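Undergrad: In terms of this note's numbering, the sequence shown opens at residue 546 and continues consecutively. Just dropping this structure here.
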Amino acid sequence: MVTMIQRALEKFDSADRDYDKLFGYFAQGFRSYMQQRLDEFMDSRGGKGLKYFTCVERTHTAKCDSEVFEPNAMVDWTMTYRIDDKPGFFRELADVTGIQEEWVNLKGSKSETVDAGGGTGDHPHPAHHVWLDRPMMMGKFQVPNPKEVIKAALPGAKALQARIEATLMEFKIGLWTFGHEDSLRCSRYRLSYFLKVLKTWRK
546 MVTMIQRALE KFDSADRDYD KLFGYFAQGF RSYMQQRLDE FMDSRGGKGL KYFTCVERTH
606 TAKCDSEVFE PNAMVDWTMT YRIDDKPGFF RELADVTGIQ EEWVNLKGSK SETVDAGGGT
666 GDHPHPAHHV WLDRPMMMGK FQVPNPKEVI KAALPGAKAL QARIEATLME FKIGLWTFGH
726 EDSLRCSRYR LSYFLKVLKT WRK
């Protein structure tokens, strides 16, 4: 087990050499992926987050997940979201997507322009759609860095290594009076957890 810990620490040092410059690309991809997950959660066609909002479009107001509330895609409209259950929304959002409340801007907006048809020749008739106060990801939210978890565990791993070495010495000179298997089982459990975390980070 001492050798396994030493090899794990060496692998960490090896992977850490180029990690920081690559983490920026990971963070960029992570932010993009989280926006996709949030869009799915708020999708107008059955998104799980819709039930926590009331939608307002001109004089029409209804729960966002209501079947009767379907704006006509062929005309201009502006949709405003009003959150009805903020704690419930963020609780389910975290459960389903892993997105944290501090990453989300509840005053976000987005827009699109579609071809509504009815134009002539090369001049299609556009329809403009705008969403206001819609949940969107913050532009530069702090992406969790798995390296920090490993770094926080390193002192414990080194301490475990030293403890195992000391225990082996006690075994050899007859000072260890507790069960041999109890010591090994405890050390193996802690070592197994650390190695799994390290393996995931290196990938």
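In this text, a Cβ means the ideal position worked out from N, Cα and C, and glycines have one as well. What you are looking at is a predicted structure, and each value in this text was computed from that prediction instead of being measured.
1. With Ala672 as the anchor, note down where its beta strand (DSSP E) starts and where it stops.
2. Determine the extent of the alpha helix (DSSP H) in which Met579 is found, giving its start and end residues.
3. Using 10 angstroms around the beta-carbon of Gly574, count the other beta-carbons present and answer buried if the total reaches 16, otherwise exposed.
4. What are the residues that DSSP puts in a beta bridge with Cys609?
5. By how many angstroms is the C-alpha of Gly633 removed from the C-alpha of Asp640?
6. Give the single residue among Lys631, Arg603, Pro689 and Gly662 whose Cα lies nearest to the Cα of Asn650.
7. Is there at least one non-hydrogen atom of the ligand GTP closer than 7 angstroms to the beta-carbon of Gly569?
8. Opposite Tyr626 in the DSSP bridges: which residues?
9. With DSSP run on the structure shown, which of helix, strand or coil describes Gly633?
10. Please report the Cβ distance between Glu602 and Met587, rounded to the nearest whole angstrom; I am assuming they are in contact, meaning their Cβ atoms lie under 8 angstroms.
11. Would you check if the distance between the CB atom of Ile644 and the CB atom of Arg582 is smaller than 8 angstroms?
12. Quick check on this structure: which residue in Arg679, Lys596, Met682 and His673 has the alpha carbon closest to the alpha carbon of Asn617?
13. Should Leu638 go down as buried or exposed, given a rule of 16 or more other Cβ atoms within 10 Å for buried?
14. Excluding sequence positions up to five away, which residues of its chain have a Cβ less than 6 angstroms from the Cβ of Leu677?
15. Tell me the DSSP secondary structure of Val688 in three-state form.
16. Mapping DSSP to helix, strand and coil, what is Val641?
17. Using the rule of at least 16 other Cβ atoms within 10 Å of the residue's Cβ for burial, across every protein chain shown, is Leu567 buried or exposed?
18. Within its chain, find whatever has a CB closer than 6 angstroms to the CB of Ala572; leave out the 5 residues flanking it on each side and keep chain order.
19. Per DSSP, Asp660 forms a beta bridge with which residues?
20. Is the beta carbon of Phe598 less than 8 angstroms from the beta carbon of Glu647?
TA: In brief:
1. Where Ala672 is concerned, the enclosing beta strand (DSSP E) stretches over Pro671 to Met682.
2. Note, Met579: alpha helix (DSSP H), Tyr564 to Phe586.
3. With fewer than 16 other beta carbons inside 10 angstroms of its own, Gly574 counts as exposed.
4. For Cys609, which the question treats as bridged, DSSP gives no partner whatsoever.
5. If you take the alpha carbons of Asp640 and Gly633, they lie about 11 angstroms apart.
6. Among Lys631, Arg603, Pro689 and Gly662, the Cα nearest to that of Asn650 belongs to Lys631.
7. Ligands in the displayed structure: none, and consequently the ligand GTP is not present.
8. Per DSSP, the beta-bridge partners of Tyr626 are Cys600.
9. Here Gly633 sits in helix by DSSP.
10. Wrong, their Cβ atoms sit about 16 angstroms apart, outside the cutoff.
11. Taking 8 angstroms as the cut-off, the beta carbon of Ile644 is found closer than this to the beta carbon of Arg582.
12. Taking only the C-alpha atoms, the option nearest Asn617 is His673.
13. Buried, by the Cβ-count rule.
14. Result list for Leu677: Thr625 and Ser654, in chain order.
15. Residue state for Val688 is assigned as coil, using DSSP reduced to three classes.
16. DSSP places Val641 in the helix class (H, G or I) of the three-state scheme.
17. Label assigned to Leu567: exposed.
18. Counting only Cβ-Cβ distances below 6 angstroms, and skipping sequence neighbours, we find Val688.
19. Beta-bridge annotation (DSSP): Asp660 is paired with Pro671.
20. Against a cut-off of 8 angstroms, the Cβ pair of Glu647 and Phe598 comes out as no contact.
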